[in-house]
RNA sequence: AGGGGAUUGGUGUAAUUGGUAGCACGACGGAUUCUGGUUCCGUUAGUAAAGGUUCGAGUCCUUUAUCCCCUGCCA
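See below:
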């Protein structure tokens, strides 16, 4: 982990919810091992390698790995790679990297070998096949030669029972033979399937003779051409859990209807098993538990929609800082700690609610506030000339003032920042005709330049178009370091109402700064129009060029924290948190705004425009 | 009456299993402040509805309402 300090909430530590209640009871009763031994707890995170992980997955990762940490058990990273036509090796890599980035490790994980200790469902294909044969022998599965259309039509609907397949009662030997032919690739895709024989009249559609295997004559990214049939989720998942000795198999609410099937398959294998049985010993039967997935406002997490954003060019890629993918959030500047804190704060329940995305923003502000070094950067520069600069010495001299690195961390110390005759301040910090509650600079007003000097605006310089292009100001040499000047003869102390950030023209660097806003304007994108694209925010990206930054941002200073992911993050005073984008080159820095600071002035302005 | 799940302030969640509805965030107000940041203090507002059992109901029972999931050879 980084030296950047802990997030506000230590993940998984003392959080309680209905799943911990279940596990506590199991530990107390000795359901999975010796009474009181919590180290037997085994969970798993089972992504399909067909896309990038997003914030919703992060919640599941934090839950599963957090539970393992809490109980002293383990959490397995297992790829559910049962569909070769949708899955790719590239996703395996990115998923592993994302889980590691969040700060979690599984048994056997190593830094020098990304895949060390990682499990794959495809490693269990032979075992699953053998169990399928066992179910055929037990009369609990059969090969169906109907077309997929016929199967669908015969399934019935929500209120009418299905009708049995004409192949439902075919001889066991025939199913056995056909299944082996399927396995060997002797039949084309879609020509037949292996189905479980359960109940065509079940009110639970999942139990109407579900498909266990389909023929897919495609190359698998790990097993190559070894298999021509691939197991369906419902058949495979519980077996994967069983093989790995998972105790608590945690999934989302939509799998609640699948639990009877999860249990049925394992029970069917176990039927007739036991000591002395020819079938063998009973296999491990994990408990499936469902919880409500994370559902944050103002974003989408559907793989289809995320892919559409990327492929149709609404964003610049899967790691576009506006994307809710972990790679996007990482590039945006979010810390693993803040994401873990967010996941912990949203709780674990069975209630399908909406989680305010503002919580995620607050989580990263909270974390970065404590650990991010402060720097000064001017997004939209307005030139300031100190007309009486010569009062304090040579007219073209540079003075170095000590600027606080982090008021939240006295140990962070100070740095030297150049101050000179020509400066830049934020254009938004000056108003020619300021309203009552605007505290910043205006004609005749005096403000403090942070850790620099107090300046007073004497004159406004405009171009032909009437735009303000420069401010002529005087400074008070007695206010060096931003200190208050001594009281006047009558004992009155002068005060300023605002402190502004600034950079000196003589010693600054230019950079591009990318400002991001929410990708969507609607709390639930697509809710109204049924098309999430209708709710896209046309101003979600604003690229600022010619920004003026203090020189220290161009080089890595010794006081910068050793971030675990190597991403340099800062607070730009009074603006927000920013990080260095990988698009940066040595001569041309690019920063991303992670999140703004809380801004009560803009709130006030919105209230009284 | 197809099946399954859910419902506590604006939001997210707790409530020792029948015993004072608590916490966090937000919003609002105030204090502090060399970041209109941070921090601190205060205010705000809730058991979906109706019946019932009980000395006592968020919790138990009945009815109703609303929302989510389920008819892939996806996961």
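Residue numbers (our numbering): 1 to 609.
Beta carbons are placed, not taken as given, at the ideal position from N, Cα and C, and that holds for glycine.
| Asked | Found |
| --- | --- |
| Cβ pair count under 8 Å reaching 3, the stretch 63-82 against the stretch 317-330 | no |
| Rounded C-alpha distance that separates residue 528 from residue 50 | 29 Å |
| Nearest-angstrom Cβ-Cβ length linking residue 542 and residue 592, presumed shorter than 8 Å | So it is not a contact: roughly 12 Å between Cβ atoms. |
| Length at least 3, wholly inside the stretch 516-568: the beta strand (DSSP E) runs in chain order | 541-550 |
| The stretch 183-191 / the stretch 211-230 touching (three or more Cβ pairs under 8 Å) | yes |
| beta-carbon residue 128 near the ligand COA non-hydrogen atom, thresh 8 Å | The model on display carries no ligand, and the ligand COA is accordingly not part of it. |
| Residue 393 classed as buried or exposed, judged by whether at least 16 other C-beta atoms fall within 10 angstroms | exposed |
| Beta-carbon contacts of residue 398 that lie in its chain and below 8 Å, excluding the five residues immediately before and after | 418, 419, 420, 504, 506, 507 |
| Through-space distance from residue 413 to residue 236, alpha-carbon basis | 57 Å |
| Option in 423, 556, 573, 198 with minimal Cα separation from residue 598 | 573 |
| Residue 124 in three-state terms, based on DSSP | helix |
| Secondary structure of residue 607, DSSP reduced to three states | helix |
| Secondary structure of residue 233, DSSP reduced to three states | helix |
| Which residues DSSP lists as bridging residue 513, in chain order | 544, 591 |
| Distance between residue 495 and residue 489 (C-alpha atoms, nearest Å) | 15 Å |
| Span separating the alpha-carbon of residue 256 from that of residue 350 | 11 Å |
| Simplified DSSP state of residue 250, which is helix, strand or coil | strand |
| Of the listed residues 139, 104, 88, 427, nearest to residue 468 (C-alpha basis) | 427 |
| Alpha-carbon to alpha-carbon, residue 442 and residue 431 | 5 Å |
| Cβ shell of residue 163 (< 6 Å), same chain only, five flanking positions each side left out | 154 |
| Inside the stretch 279-312 only - alpha helix (DSSP H) runs reaching at least 4 residues | 303-311 |
| Cβ neighbour criterion (16 or more within 10 Å) applied to residue 128 | buried |
| Beta-carbon contacts of residue 297 that lie in its chain and below 6 Å, excluding the five residues immediately before and after | 354, 356, 357, 523 |
| Within 9 Å, strictly: CB atoms of residue 375 and residue 589 | no |
| Classification of residue 158 by the beta-carbon crowding that lies within 10 angstroms, buried from 16 upward | exposed |
| Counted within 10 angstroms of its Cβ, other Cβ atoms place residue 59 as buried (16 or more) or exposed | buried |
| 8 Å CB neighbourhood of residue 306 in its chain, flanking five on each side removed | 51, 52, 54, 300, 318, 323, 324, 325 |
| For residue 576, the residue or residues it bridges with in DSSP | 572, 596 |
| With 16 other Cβ atoms within 10 Å as the buried cut-off, status of residue 499 | buried |
| Selection from 27, 24, 86 that minimises the alpha carbon distance to residue 632 | Lying outside 1 to 609, the shown extent of the chain, residue 632 is not represented and no answer is given. |
| With 16 other Cβ atoms within 10 Å as the buried cut-off, status of residue 253 | exposed |
| Span of the alpha helix (DSSP H) around residue 381 | Residue 381 -> not in any alpha helix (DSSP H); beta strand (DSSP E) instead, spanning 381-386. |
| Sub-9 Å separation of residue 167 and residue 181 beta-carbons | no |
| C-alpha distance - residue 600 paired with residue 607, whole-angstrom precision | 10 Å |
| Minimum C-alpha distance to residue 132 - residue among 89, 76, 193 | 193 |
| Three-way DSSP call (helix, strand, coil) for residue 143 in this model | strand |
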